[in-house]
């Protein structure tokens with residue numbers, strides 16, 4: 156059976172990562188969390204006190220960054236930065252508050268896109284992010300763009316943070332999501348947008364299982380028949 160690339164883009168807290176992980180597991184594909192890569196870079200920049208307005212500092216810090224993904228003993232996808240597991244650290248609210256300005260930098264996006272394309276060279280991957288279908292893999296056989304209403308997204312993010320031991324009030328999360336949406340959608344370099352050939356999926360009122368079932372159904376239709384076909 157031929158392998159394809161599945162690109163899942165969309166706004167924060169729409170279920171992109173959770174859905175992508177499960178779809179990859181069901182299909183036996185490799186899951187790549189592009190958002191975690193930008194979070195890892197953000198963590199590195201914050202630790203090094205990198206001034207985002209200083210191109211030399213940015214270039215120097217980027218030259219020190221190597222991001223990999225490894226499966227834990229439980230089968231969870233974990234992010235490693237320069238050989239160290241930073242999965243828990245990069246999910247903190249502190250990183251969420253700084254990741255959009257960092258990921259908006261052209262130098263950062265060029266470096267991460269290069270790594271992402273190398274990861275997807277052999278196909279058989281599911282990658283989620285904000286520019287996967289438009290920039291990283293414009294040739295992807297299946298492209299999806301996930302959305303959800305703001306309050307639903309905020310509740311989901313709050314629950315996700317709480318499960319990691321990070322209690323954040325809803326207003327703070329709503330403000331963070333609004334700011335991130337604005338930065339991600341209006342940045343000059345690889346802005347968040349729906350690819351012309353991407354399928355939209357509103358996740359406001361469906362479960363993760365329903366999201367996964369739909370994406371798997373669409374993926375199988377692309378695997379079995381040419382990309383030009385439609386479900």
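In the working numbering, the protein residues as written are 156 to 386. Yeah, the Cβ is synthetic: ideal placement off N, Cα and C, and Gly gets one too.
C-alpha gap between residue i and residue j, whole angstroms
{"i": "residue 186", "j": "residue 373", "result": "17 Å"}
{"i": "residue 305", "j": "residue 342", "result": "20 Å"}
{"i": "residue 201", "j": "residue 258", "result": "13 Å"}
{"i": "residue 209", "j": "residue 265", "result": "17 Å"}
{"i": "residue 366", "j": "residue 260", "result": "32 Å"}
{"i": "residue 227", "j": "residue 322", "result": "25 Å"}
{"i": "residue 371", "j": "residue 237", "result": "33 Å"}
{"i": "residue 333", "j": "residue 352", "result": "26 Å"}
{"i": "residue 361", "j": "residue 199", "result": "36 Å"}
{"i": "residue 330", "j": "residue 285", "result": "19 Å"}
{"i": "residue 156", "j": "residue 204", "result": "48 Å"}
{"i": "residue 239", "j": "residue 274", "result": "19 Å"}
{"i": "residue 181", "j": "residue 379", "result": "16 Å"}
{"i": "residue 369", "j": "residue 375", "result": "10 Å"}
{"i": "residue 215", "j": "residue 276", "result": "27 Å"}
Contact with chain D by residue i, beta-carbon distance below 8 Å
{"i": "residue 296", "result": "Of the protein chains in this structure there is only one, and it is not chain D."}
Closest Cα partner of residue i within the set the options
{"i": "residue 340", "options": "192, 269, 166 and 249", "result": "166"}
{"i": "residue 301", "options": "191, 357 and 161", "result": "357"}
{"i": "residue 291", "options": "158, 164 and 237", "result": "164"}
{"i": "residue 268", "options": "234, 368, 369 and 293", "result": "293"}
Residues of its chain near residue i, where Cβ-Cβ distance is below 6 Å and the 5 sequence neighbours each way are ignored
{"i": "residue 281", "result": "161, 175, 178, 179, 184 and 186"}
{"i": "residue 206", "result": "212"}
{"i": "residue 355", "result": "300"}
Cβ-Cβ distance between residue i and residue j below 8 Å
{"i": "residue 222", "j": "residue 192", "result": "yes"}
{"i": "residue 345", "j": "residue 271", "result": "no"}
{"i": "residue 283", "j": "residue 211", "result": "no"}
{"i": "residue 307", "j": "residue 348", "result": "no"}
{"i": "residue 319", "j": "residue 243", "result": "yes"}
{"i": "residue 359", "j": "residue 303", "result": "yes"}
{"i": "residue 312", "j": "residue 168", "result": "yes"}
{"i": "residue 262", "j": "residue 159", "result": "no"}
{"i": "residue 219", "j": "residue 225", "result": "no"}
{"i": "residue 248", "j": "residue 317", "result": "no"}
{"i": "residue 363", "j": "residue 197", "result": "no"}
{"i": "residue 298", "j": "residue 350", "result": "yes"}
{"i": "residue 328", "j": "residue 309", "result": "yes"}
Same chain only: Cβ atoms within 7 Å of residue i, ignoring 5 sequence neighbours per side
{"i": "residue 194", "result": "245, 250 and 254"}
{"i": "residue 398", "result": "The structure shown does not extend to residue 398, since the chain spans only 156 to 386, so no value can be given for it."}
{"i": "residue 325", "result": "309 and 313"}
{"i": "residue 335", "result": "167 and 255"}
Neighbourhood of residue i by C-beta distance below 8 Å, restricted to the same chain and skipping five residues each side
{"i": "residue 217", "result": "196, 262, 263 and 266"}
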